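Position one of the sequence shown corresponds to residue 2 (our numbering), numbered consecutively onward.
All remarks here apply to the structure that follows.
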Amino acid sequence: MPKAKKKSKPAPKKKTERHLLAIIIIGIFVVLIIGGAVLIYPNYYHNKVFPGIKVGSIDLSGKTYLEALDLIDSPINSFNKEGLVFTYQEEKVALQPTLVGTDIGSSYEILTFDSNATIQEAYSFGRRGNYWSNFKEQLAALIYGQPINLNYYFNAKEVENSLIQNYSQFEFPHKDASLNFNQNAFSIIPEEQGRIFDYQTIVNEMADNVRNLEFQPVYLELEPDPPQITENQAVSLLIQAEAIADFAPLTVRYGEQNWEINKETFSDWLDFRFTDSNSTSQNEIWVGLNPERAGDYLESLREKIDVPVKEGKFKIEEGKVTQFQASQPGISLAILSSVQALESNFIKGNKKEAELMVQEEQPEITTENINNLGIRELIGTGKSDFSGSPRNRRANIQLGADKLNGILIKPEEEFSLLKALGKFEASEGWLPELVIKGNKTVPELGGGACQFGTTMFRAALDTGLPVTSRRNHSYTVSYYYPIGTDATIYDPAPDLKFINDTKNYILLQTKIEGNELIFEMWGTKDGRIVEKTDPRLSGWQSPPPTKTIETEDLAPGQVKCTERAHQGVSAEFDYKVTYSDGEVKEETFQSKYKPWQEVCLLGVEKKTIESPPTSVE
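What follows is the structure in structure tokens.
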């Protein structure tokens, strides 16, 4: 009987086809899901910030533009209202974002926020490319999160300076063991342990709080500050100090001038010095020159050596440019380099004479053919009114006007007003005005400098020059009306800058008529036409109530208030320059002014600070 045939198995080909079909179906399904997500996901969040996006510690996921703005404005308003708060024991210091002077014109900012720019960046993430690149950004933010940088300005240097002015009274820096020369003999003054604040770490902590929009105080703690030179380390060097002192008298020279240094003076310069050693745990201690004591002596020679650099300055006289100050190279005694040279020659080189070191500075304008500079006519004017200015401010305005008068601005030069004014130092003639920093009123030099910023800004606009750097004041100030046409300056920033694009030199002429500061720009007209609208004002805000700050700088019970309160407002004006070749450049200058509260200082009793023990176990 024949055997029954076995049933054949399904062909592998059919099985593969079914698998392939399933994969295709799944693939289509996945594509549809992804495609749907690419279309639906952004539509769902069409007016909202995409999930995963943060500014600092604040999650903006799913928030509308205005909701997101409110979220970050809450801590920003706390910073603006309460300031940057620091605490040490019972001493609380709140640095206001704008440090204000007893004259409002002296105010300047240490902290500003641009919440609109920040939220615009957050809202734009996932919306700035094509569909596919946008979706990749959206997906990455959802899975990994996306931090958005806060748009802000934080003046760390000025915050640190303000902290030092408020808290240095609690510090006791270390004192190294030092040489003392008295009655023709050397002795050692023992070292003292110290305790100080680590200001850089403190400021960095506050900067992190600001960056993360976490409004909270920073607590200060004194840190040990051990001496670097001890009596035990230095005692063996007394004999060396005596041998070095016996080398006097010595001679210091500059050119044909010379000064004899007798033994008593030279011995007073000697001190213990140390060099950090990277290879051992011990510092190398040796006898050298004390930079402060030797430097003080050299400072007394400065007036016999220094020659100030002078730029060529010019004026318009009977239609011609004439020079009223010739250019002159400058020479300045280099104190630190000179001390090092004396130390190298007298102590390390066993020489009896040493030459002082100087720095040379060349003037920028040395031209002699002054009437070929293209200075023919008045091409622009800026004016501002400083009525009501106190005495020191008026003196500073006169000083600054004199410094700026006659300056030449080269073709294609980016003019910096701060550079032209130079350093705000008492030696330059600048007078102080009081600025409130936390619980202190601190004299700062150069009050009234913003009068130059505003006047120069207006002169540059009237001349049709491109302004490359300008910031308005934090508050409306009567000295700078009309509102929206001012410019603030403060060393080292902000600055007022513009470019001379006229292809000829520009001569700056300054003058004061009554209470009006006038800057005239002389050069050659090139056919450009300047048009400017009047400022448009909007968004008026009422000022906050008067704020009282306790200070030890006034007699107890004495009250001193700043200028009256001012409303906050936004201002803008349109600026248009049409060049002779038909090219047109347009710009809208925008300014936002905070409401200004009257600030009053109230004198309180001074606190007694106990000195710490001079040694630490």
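Virtual Cβ for every residue (Gly too), placed ideally from N, Cα, C.
Because the structure is a prediction, the values reported are computed rather than measured.
Under 9 Å, do isoleucine 490 and alanine 450 count as touching if we go by C-beta distance? Within the sequence shown, the letter at position 489 stands for residue 490. Within the sequence shown, the letter at position 449 stands for residue 450. Yes, the Cβ-Cβ distance between isoleucine 490 and alanine 450 is below 9 Å.
Output the distance between the C-alpha atoms of threonine 281 and alanine 244, rounded to the nearest integer angstrom. Reading the sequence shown from its first residue, position 280 is the one you call residue 281. Reading the sequence shown from its first residue, position 243 is the one you call residue 244. Here the model assigns threonine 281 a pLDDT of 42, short of 50, so the residue's position is not dependable, and the following value carries that caveat. Spanning the two alpha carbons is a distance of roughly 28 Å.
By DSSP, does valine 101 sit in helix, in strand, or in coil? Translated into positions along the sequence shown, residue 101 becomes position 100. Of the three classes helix, strand and coil, the one that applies to valine 101 here is coil, per DSSP.
What's the C-alpha gap between isoleucine 262 and glutamate 362? In the sequence shown, residue 262 corresponds to position 261, counting from 1. In the sequence shown, residue 362 corresponds to position 361, counting from 1. In a straight line, the C-alpha of isoleucine 262 is about 29 Å away from that of glutamate 362.
Mapping the DSSP letters down to three states, classify phenylalanine 453 as helix, strand or coil. Translated into positions along the sequence shown, residue 453 becomes position 452. Correct three-state label for phenylalanine 453: helix.
What does a CB cutoff of less than 7 Å around alanine 235 pick up in its chain, not counting 5 residues either side in sequence? Sequence index remark: in the sequence shown, residue 235 carries index 234 (1-based). For alanine 235, where only same-chain residues beyond five positions count, the Cβ hits under 7 Å are Ala178, Ile189, Phe273, Ile286.
Residue nearest to alanine 208 in terms of C-alpha spacing, selected from Glu161, Gln241, Tyr580: Numbered from 1 along the sequence shown, position 207 holds the residue referred to as residue 208. Of Glu161, Gln241, Tyr580, the residue nearest in Cα terms is Glu161.
Compare the C-alpha of glycine 127 against each of Pro43, Gln184, Glu110 and name the closest. For the purposes of this step, residue 127 is taken as residue 126 along the sequence shown, with counting starting at 1. Of the candidates Pro43, Gln184, Glu110, the one whose C-alpha sits nearest the C-alpha of glycine 127 is Pro43.
Would you be able to state if there are at least three C-beta pairs under 8 Å between the region 85-94 and the region 129-145? no
For a test of the three-state rule: what should DSSP assign to threonine 281, helix, strand or coil? Working through the sequence shown from its first residue, we reach residue 281 at position 280. Low confidence applies to threonine 281: its pLDDT is 42, below 50, so where it sits in the model is not reliable enough to give any reading.
Cβ distance (whole Å) where phenylalanine 458 is taken to contact alanine 494 below 8 Å: Within the sequence shown, residue 458 is the residue found at index 457, counting from 1. Within the sequence shown, residue 494 is the residue found at index 493, counting from 1. About 16 Å; that fails the 8 Å criterion.
By how many angstroms is the C-alpha of phenylalanine 425 removed from the C-alpha of glutamate 623? The shown model of the chain, from 2 to 618, leaves out residue 623, and the question about it has no answer.
Bridge partners of glutamine 147, per DSSP? Within the sequence shown, the letter at position 146 stands for residue 147. Note: glutamine 147 sits in a beta bridge opposite Ile54.
From threonine 615 to glycine 350, what distance separates their C-alpha atoms? Looking up residue 615 in the sequence shown gives position 614. Looking up residue 350 in the sequence shown gives position 349. In this prediction, threonine 615 scores a pLDDT of 49, lower than 50, which makes its location untrustworthy; no coordinate-derived value is stated.
If you run the structure through DSSP and keep just helix, strand and coil, what is glycine 401? Position 400 of the sequence shown, counted from the start, is the residue given in the question as residue 401. Of the three classes helix, strand and coil, the one that applies to glycine 401 here is helix, per DSSP.
Residues of its chain near glutamine 241, where Cβ-Cβ distance is below 6 Å and the 5 sequence neighbours each way are ignored: The residue you call residue 241 lines up with position 240 of the sequence shown. Cβ within range, chain order: Val288.
Among Trp260, Leu67, Phe520, Asn156, which has the Cα closest to the Cα of serine 301? For the purposes of this step, residue 301 is taken as the residue at position 300 of the sequence shown. Considering only alpha carbons, the answer is Trp260.
What are the complete beta strand (DSSP E) segments, minimum 3 residues, inside the region 206-274? 224-226, 251-255, 258-262
Going along the chain, which residues of its own chain have a beta-carbon closer than 6 Å to the beta-carbon of glutamate 344, five neighbours each way excluded? Stepping through the sequence shown from its first residue, residue 344 is reached at position 343. Within the same chain, glutamate 344 has close Cβ partners Gly289, Leu290.
For tryptophan 523 and isoleucine 336, believed in contact at Cβ under 8 Å, the rounded distance: The residue you call residue 336 lines up with position 335 of the sequence shown. The residue you call residue 523 lines up with position 522 of the sequence shown. So it is not a contact: roughly 40 Å between Cβ atoms.
With 16 other CB atoms within 10 Å as the buried threshold, where does histidine 567 fall? Taking the sequence shown and counting its residues from 1, one reaches residue 567 at position 566. Histidine 567 comes out buried.
What's the call for threonine 323, buried or exposed, on a 16-neighbour Cβ count within 10 Å? Taking the first residue of the sequence shown as 1, we reach residue 323 at position 322. By the 10 Å Cβ count, threonine 323 comes out exposed.
Where glutamate 138 falls: helix, strand or coil (DSSP): The residue you call residue 138 lines up with position 137 of the sequence shown. Helix at glutamate 138.
Where the beta strand (DSSP E) containing proline 619 begins and where it ends: The shown model of the chain, from 2 to 618, leaves out residue 619, and the question about it has no answer.
Beta-carbon separation of leucine 357 and leucine 299 under 9 Å? Here the question's residue 357 lines up with position 356 in the sequence shown. Here the question's residue 299 lines up with position 298 in the sequence shown. Closer than 9 Å, so yes.
Quick check: the region 110-130 against the region 148-163, are at least 3 beta-carbon pairs closer than 8 Å? yes
6 Å CB neighbourhood of lysine 577 in its chain, flanking five on each side removed: If you number the sequence shown from 1, residue 577 lands on position 576. Result list for lysine 577: Glu532, Glu587, in chain order.
Can you give me the Cβ contacts of lysine 593 inside the same chain, cut-off strictly under 6 Å, excluding the 5 residues immediately before and after it? Along the sequence shown, one-based indexing puts residue 593 at 592. Excluding residues within five positions, the ones whose Cβ falls inside 6 Å are Ser571.
Who does tyrosine 109 pair with in a DSSP beta bridge? Taking the sequence shown and counting its residues from 1, the one referred to as residue 109 is at position 108. Leu100.
Along the chain, where does the beta strand (DSSP E) containing serine 539 start, and where does it finish? The residue given as residue 539 occupies position 538 in the sequence shown. Where serine 539 is concerned, the enclosing beta strand (DSSP E) stretches over 537-542.
Taking Cβ to Cβ, would you say glutamate 445 is nearer than 9 Å to glycine 102? Sequence index remark: in the sequence shown, residue 445 carries index 444 (1-based). Sequence index remark: in the sequence shown, residue 102 carries index 101 (1-based). Going by C-beta atoms, glutamate 445 is nearer than 9 Å to glycine 102.
With DSSP as the reference, identify every bridge partner of valine 531, one or two as the case may be. Residue numbering aside, residue 531 sits at position 530 when the sequence shown is read from its first letter. DSSP, once it has assigned bridges, lists Val578 as partnering valine 531.
If you pair each beta-carbon of the region 202-222 with each one of the region 245-258, do three or more pairs fall below 8 Å? no
For a test of the three-state rule: what should DSSP assign to aspartate 199, helix, strand or coil? The residue you call residue 199 lines up with position 198 of the sequence shown. Residue state, collapsed to three classes: coil.
Three-state class that DSSP yields for lysine 593 in the structure shown: Stepping through the sequence shown from its first residue, residue 593 is reached at position 592. Looking at lysine 593 - three-state DSSP - the assignment turns out to be strand.
How would you call serine 108, buried or exposed, if buried means at least 16 neighbouring beta carbons within 10 angstroms? As a working note, residue 108 is residue 107 in the sequence shown. Looking at its Cβ environment, which holds 16 or more other Cβ atoms inside 10 Å, serine 108 is buried.
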